[in-house]
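Participant: Handing you a structure now.
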Amino acid sequence: MATHQWKHHVFISFRGEDTRHNFVCHLYDALCRTGLKTFVDNQLQRGEEINTALLQAIQDSKVALIIFSEEYASSSWCLDELLKIIECYETHGQIVIPVFYRVTPSDVRNQNGSFGKSFAEHSENPRYSNKIQKWKDALTKAANISGMGPDANREDDALIDLIVRDILEKFKHPSPRSLEGFVGLKSKISEVKTLLASGSSEVRMLGIWGMGGIGKTTLAEAIFAEVSSQFEGHCIVKKVGEEWENGRQQMLLEQLISGLLEQSDVKIDTSP
67 MATHQWKHHV
77 FISFRGEDTR
87 HNFVCHLYDA
97 LCRTGLKTFV
107 DNQLQRGEEI
117 NTALLQAIQD
127 SKVALIIFSE
137 EYASSSWCLD
147 ELLKIIECYE
157 THGQIVIPVF
167 YRVTPSDVRN
177 QNGSFGKSFA
187 EHSENPRYSN
197 KIQKWKDALT
207 KAANISGMGP
217 DANREDDALI
227 DLIVRDILEK
237 FKHPSPRSLE
247 GFVGLKSKIS
257 EVKTLLASGS
267 SEVRMLGIWG
277 MGGIGKTTLA
287 EAIFAEVSSQ
297 FEGHCIVKKV
307 GEEWENGRQQ
317 MLLEQLISGL
327 LEQSDVKIDT
337 SP
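Counting from 67, one number per residue, gives the positions in the sequence shown under our numbering.
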């Protein structure tokens, strides 16, 4: 089987109406702080048909993180995303992590509760007559994959920490195949690792210089994904110069500590 070409570490599938402005926003920030290249669709207005660019983004992601919430199944768009995710899971080994956010695996697996209500509404739409069973089958398959179960005593921040740790663990010891998917980077990664003198206990600082748009950030992220497991603490802090000039030094420090400790919400009190 040919090696698949991964362009993103994580794709997040979610229902924006009930998760976008709180849980998913914080989850996305936490993933990015640890250096994981994460794709999230920020279109607030969606049509009936899922666009090809989004389908491609799903296919190009190593991990698909599905946030099953109460209104997830009410969106035909989300259900079509799920169909593509299950296809990628079955055909080229995409890692799928279901997160049951204020719903149970049984709700998803058997289309109970709000999921059952959504499918009752979908069944009245003739446009979906040939999709409903495919959607149900995909939900059942996804719910049977090991994921993050509901916990009435778990706050959102704790759940986010758990998700981030789980994904980081999956990237912690990458196989030779896992980085081949980052298009055109294999030889560059090898060159940079030589410059870094991997295995040395001495401090190394490396600058990657070049005009905009040539892939400097992508190269840095790919190297991070490969060598970060060699260190007890590791993180990526982006746009340091820009944020520093805008007076956000404290925010940069909080991002650094959050990434090193793998905690999603570190706050530093600088008051006297």
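Glycine included, C-beta positions come from ideal geometry on N, C-alpha and C.
Jot down the residue ranges of each uninterrupted alpha helix (DSSP H) in the segment 79-133, minimum 4 residues, whole runs only, in chain order.
Facilitator: Within the segment 79-133, the complete alpha helix (DSSP H) runs of at least 4 residues are 82-85, 91-99, 118-125.
Participant: With DSSP collapsed to three states, give me the class of alanine 68.
Facilitator: Its pLDDT being 45, under 50, alanine 68 is placed unreliably in this model, and the value from its coordinates should be taken loosely. Coil at alanine 68, not helix or strand.
Participant: Taking all protein chains shown into account, do 16 or more other C-beta atoms lie within 10 angstroms of the C-beta of glycine 82, making it buried, or fewer, making it exposed?
Facilitator: It is buried - the Cβ of glycine 82 has at least 16 other Cβ atoms within 10 Å.
Participant: Buried or exposed for glutamine 177, going by 16 or more other Cβ atoms inside 10 Å?
Facilitator: By the 10 Å Cβ count, glutamine 177 comes out buried.
Participant: What's the gap between the Cα of glutamine 160 and the Cα of glycine 213?
Facilitator: If you take the alpha carbons of glutamine 160 and glycine 213, they lie about 14 Å apart.
Participant: What number of angstroms, rounded off, separates the C-alpha of isoleucine 133 from the C-alpha of leucine 97?
Facilitator: Their backbone Cα atoms lie some 14 Å apart in a straight line.
Participant: Pull up the CB-CB distance for leucine 102 and histidine 75, whole angstroms please, since I reckon it's below 8 Å.
Facilitator: About 4 Å; that satisfies the 8 Å criterion.
Participant: Can you tell me whether glycine 325 is buried or exposed? The criterion is at least 16 other CB atoms within 10 Å of its CB, across all chains shown.
Facilitator: Classification for glycine 325: buried.
Participant: Cutting at 6 Å between CB atoms, please list the residues of its own chain near threonine 85, excluding the five before and the five after it.
Facilitator: For threonine 85, where only same-chain residues beyond five positions count, the Cβ hits under 6 Å are Ile133, Ser135.
Participant: Any idea what DSSP makes of methionine 39, helix, strand or coil?
Facilitator: The chain is shown from 67 up to 338; residue 39 falls before or after that span and cannot be answered.
Participant: Taking only three categories from DSSP, how would you classify phenylalanine 185?
Facilitator: Three-state result, phenylalanine 185: helix.
Participant: Mapping the DSSP letters down to three states, classify isoleucine 226 as helix, strand or coil.
Facilitator: The answer is helix: DSSP assigns isoleucine 226 an H, G or I state.
Participant: Starting from isoleucine 163, trace the alpha helix (DSSP H) in both directions and tell me its first and last residue.
Facilitator: Counting along the chain, isoleucine 163 falls outside any alpha helix (DSSP H), though it belongs to the beta strand (DSSP E) covering 161-166.
Participant: Between the segment 310-319 and the segment 272-282, do three or more beta carbon pairs fall short of 8 Å?
Facilitator: No: fewer than three Cβ pairs fall under 8 Å.
Participant: In or out: glutamate 187 buried (at least 16 other Cβ within 10 Å) or exposed?
Facilitator: Exposed.
Participant: Is DSSP giving phenylalanine 77 helix, strand or coil here?
Facilitator: Phenylalanine 77 falls in the strand class under three-state DSSP.
Participant: Classify threonine 336: buried if its beta carbon has 16 or more other beta carbons within 10 angstroms, exposed otherwise.
Facilitator: With fewer than 16 other Cβ atoms within 10 Å, it is exposed.
Participant: Residue range of the alpha helix (DSSP H) that glycine 307 falls in?
Facilitator: Where glycine 307 is concerned, the enclosing alpha helix (DSSP H) stretches over 306-311.
Participant: Among Phe237, Phe185, Phe297, whose alpha-carbon lies nearest the alpha-carbon of alanine 139?
Facilitator: It is Phe185 whose Cα lies nearest to the Cα of alanine 139.
Participant: When you compare the CB positions of phenylalanine 80 and valine 90, do they come within less than 8 Å of one another, or not?
Facilitator: Cβ distance < 8 Å, so phenylalanine 80 and valine 90 count as in contact.
Participant: Would tryptophan 275 be called buried (16 or more neighbouring beta carbons within 10 Å of its own) or exposed?
Facilitator: By the 10 Å Cβ count, tryptophan 275 comes out exposed.
Participant: Report buried or exposed for threonine 118, applying the criterion of at least 16 other Cβ atoms within 10 angstroms of its Cβ.
Facilitator: Exposed, because fewer than 16 other Cβ atoms sit within 10 Å of the Cβ of threonine 118.
Participant: In the DSSP assignment, what are the bridge partners of methionine 214?
Facilitator: Paired residues: Val165.
Participant: Among residues of its own chain, excluding the 5 on either side of isoleucine 198, which ones have a beta-carbon nearer than 8 Å to its beta-carbon?
Facilitator: Within the same chain, isoleucine 198 has close Cβ partners Phe185, His188, Ser189.
Participant: Excluding the five sequence neighbours on either side, which residues of its own chain have a C-beta within less than 8 Å of the C-beta of arginine 175, listed in chain order?
Facilitator: Correct list, in chain order: Leu205, Thr206, Ala209, Asn210.
Participant: How about isoleucine 116 and glutamate 147: do their beta carbons lie closer than 8 Å?
Facilitator: In contact: isoleucine 116 and glutamate 147 (Cβ atoms closer than 8 Å).
Participant: Which same chain residues end up closer than 7 Å to arginine 99 when comparing Cβ atoms and leaving out the 5 residues on each side of it in sequence?
Facilitator: Excluding residues within five positions, the ones whose Cβ falls inside 7 Å are Cys301, Gln321, Ser324, Gly325.
Participant: Comparing alpha-carbon positions, which option in Ser172, Trp310, Ile226 lies nearest lysine 202?
Facilitator: For the residues Ser172, Trp310, Ile226, the minimum Cα distance to lysine 202 belongs to Ser172.
Participant: I need the boundaries of the alpha helix (DSSP H) containing glutamate 342, first residue and last residue.
Facilitator: Past the edges of the chain, shown from 67 to 338, lies residue 342, and the structure says nothing about it.
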